[in-house]
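Everything below concerns the one structure shown next.
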Amino acid sequence: MIDKILNFIKKFLSTSISDGCKFEYDLYINKINIVKAKITAITFIVLEVMMIVTHYITNKDKLFDVPYIYYGSMYITILLAMIAFLVIFTRLGTDVPQNIAGIRYAGVFFISFILMWCAGISLLDQLTSGQVIVYIVAIIATAITPLISPVALLLIYLLIHTLFLILMQYFQESAELLFMNSINTSTFVIMSWAIS
Numbered sequence: 059m060i061d062k063i064l065n066f067i068k069k070f071l072s073t074s075i076s077d078g079c080k081f082e083y084d085l086y087i088n089k090i091n092i093v094k095a096k097i098t099a100i101t102f103i104v105l106e107v108m109m110i111v112t113h114y115i116t117n118k119d120k121l122f123d124v125p126y127i128y129y130g131s132m133y134i135t136i137l138l139a140m141i142a143f144l145v146i147f148t149r150l151g152t153d154v155p156q157n158i159a160g161i162r163y164a165g166v167f168f169i170s171f172i173l174m175w176c177a178g179i180s181l182l183d184q185l186t187s188g189q190v191i192v193y194i195v196a197i198i199a200t201a202i203t204p205l206i207s208p209v210a211l212l213l214i215y216l217l218i219h220t221l222f223l224i225l226m227q228y229f230q231e232s233a234e235l236l237f238m239n240s241i242n243t244s245t246f247v248i249m250s251w252a253i254s
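With the first letter of the sequence shown counted as 1, position 6 gets the number 64 in our numbering; the numbers rise by one all the way through.
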């Protein structure tokens, strides 16, 4: 019985590709992922520069007060990380056939970082508005933007979402909002993984 269930899950999660086509398929997927990762990194860089400037202009008298210092730190962190990822993906993209494994690993780390950062921003948002929209958008975007193995994406989602759920109770005082945000984000994780 357990063997049948495991075989069903394995068939559900994987698609069989002949060995002759596997390299070409991996090459095609990694070329697409390099382009998407560079576009994503550039978009984040532009947006975060705008966010840092806006954050400074609107909060210059309280930049070092809580939670503004945390938001500023998060904006600077992702700006620097996206610059680093842009450099990494640009270098890996110069020889995709030679860098297939590196592109795959960098892509997993890239997705994980974006999800963790967006989860962090949504945790900070619990202190003021109780919103989780930044994290939800990241969950959906990571399901549809890169082409990544469903098993790898499931592991990323499980790790980051578990941490998010554990930490959210330290940021959100309202039991009702905590429950609603937990249910809503968990639903989006499941739906996003299913469509990936």
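Glycine residues also receive a C-beta, built at the ideal position from the N, C-alpha and C atoms. On a predicted model such as this, the values are computed, not experimentally measured, just so you know.
Taking only three categories from DSSP, how would you classify residue i?
i: I194; result: helix
i: S240; result: helix
i: K118; result: coil
i: L205; result: coil
i: S250; result: helix
i: D123; result: coil
i: V107; result: helix
i: T93; result: The question names Thr, but residue 93 in the sequence shown is Val. V93 falls in the helix class under three-state DSSP.
Which residue marks the beginning of the alpha helix (DSSP H) containing residue i, and which one marks its end?
i: I134; result: 126-150
i: L217; result: 208-229
i: L173; result: 158-186
For residue i, which residues of its own chain have a beta-carbon under 7 Å away from its beta-carbon, when the five flanking residues on both sides are left out?
i: L205; result: I87, I90, N91
i: A210; result: V166
i: K94; result: T203, P204
i: F171; result: A139
Given residue i, which residues of its chain have a CB within under 8 Å of its CB, disregarding the five upstream and five downstream residues?
i: S232; result: G188
i: K96; result: L144, F147, T148, G151
i: Y240; result: In the sequence under discussion, the amino acid at residue 240 is Ser, which differs from the Tyr named in the question. Same-chain partners within the cutoff: L223, M226.
i: V154; result: L85, N88, K89, I92, I161
i: Y128; result: L182
i: I110; result: G130, Y133, I134, L137
Should residue i go down as buried or exposed, given a rule of 16 or more other Cβ atoms within 10 Å for buried?
i: C79; result: exposed
i: T245; result: exposed
i: M140; result: buried
i: F168; result: buried
i: T116; result: exposed
i: F102; result: buried
i: L173; result: buried
i: V247; result: buried
i: T98; result: buried
i: Y163; result: exposed
i: A50; result: Nothing can be reported for residue 50: it is not among the residues displayed for the chain, which extend from 59 to 254.
i: I63; result: exposed
Residues in its own chain within less than 6 Å of residue i by CB, not counting five upstream and five downstream?
i: E106; result: Y133, I136, L137
i: N157; result: L150
i: V190; result: S180, N239, T243
i: S250; result: I197, I198, A201
i: L235; result: G188
i: I194; result: F246
i: W175; result: I136
i: K120; result: Y126
* Are there three or more Cβ pairs, one per stretch, closer than 8 Å when the region 83-94 is compared with the region 117-137? -> Contact between the region 83-94 and the region 117-137 is absent, because fewer than three Cβ pairs lie under 8 Å.
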